[in-house]
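Engineer:
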Amino acid sequence: STYPIKAAQAAWDEFNAGGAYVAANGLNAEGDNVKIRRIYLAYYDPGVTAEFFQPIIVFEGDRGFIAYLPAVTAEYYGE
């Protein structure tokens, strides 16, 4: 199937508004400013058998910071 993916600016805005799930702070303390060095599209693997993988946008920063958010637009889910 084809899914509508968020535009780069929309994903960045959502991340800056605190909408991303922080998977790892790495060596950063809670509340530290983190420089994001890499942003890319990936697929979330829940680690258990699933019918499909969810597309996500990954944000990688200094000192092991990793966060992600769903890549599919909210409109697809009827929000």
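Taken in order, the sequence shown gives residues 20 to 98; the numbers are from our numbering. Backbone N, C-alpha and C define an ideal beta-carbon position, used for all residues, glycine too. The structure displayed is predicted, hence computed values, not measured ones.
1) Where TYR95 and GLU70 are concerned, what is the direct C-alpha to C-alpha distance, given to the nearest angstrom?
2) Just reading off the alpha helix (DSSP H) that ALA42 is part of, what are its end residues?
3) Just to confirm the assignment, what range does the beta strand (DSSP E) spanning GLU79 have?
4) Just to confirm, are ASP81 and VAL41 a CB contact at a threshold of 8 Å?
5) Hey, could you find the ends of the alpha helix (DSSP H) ALA19 is sitting in?
6) Measure the CB-CB distance between PRO74 and TYR22 and report whether it falls below 8 Å.
7) With burial defined as no fewer than 16 other Cβ atoms inside 10 Å of the residue's Cβ, what is the status of PHE72: buried or exposed?
8) Looking only at DSSP bridge pairs, what is TYR46 linked to?
Structural biologist: In brief:
1) 18 Å
2) Looking at the DSSP string, ALA42 is not in any alpha helix (DSSP H); the run it does join, the beta strand (DSSP E), is 40-43.
3) 73-80
4) no
5) The requested residue 19 is not part of the displayed model; the chain covers only 20 to 98.
6) Less than 8 Å separates the beta-carbon of PRO74 from that of TYR22.
7) exposed
8) According to the sequence as given, residue 46 is Leu; it is not Tyr. Partner(s): none; LEU46 has no beta bridge.
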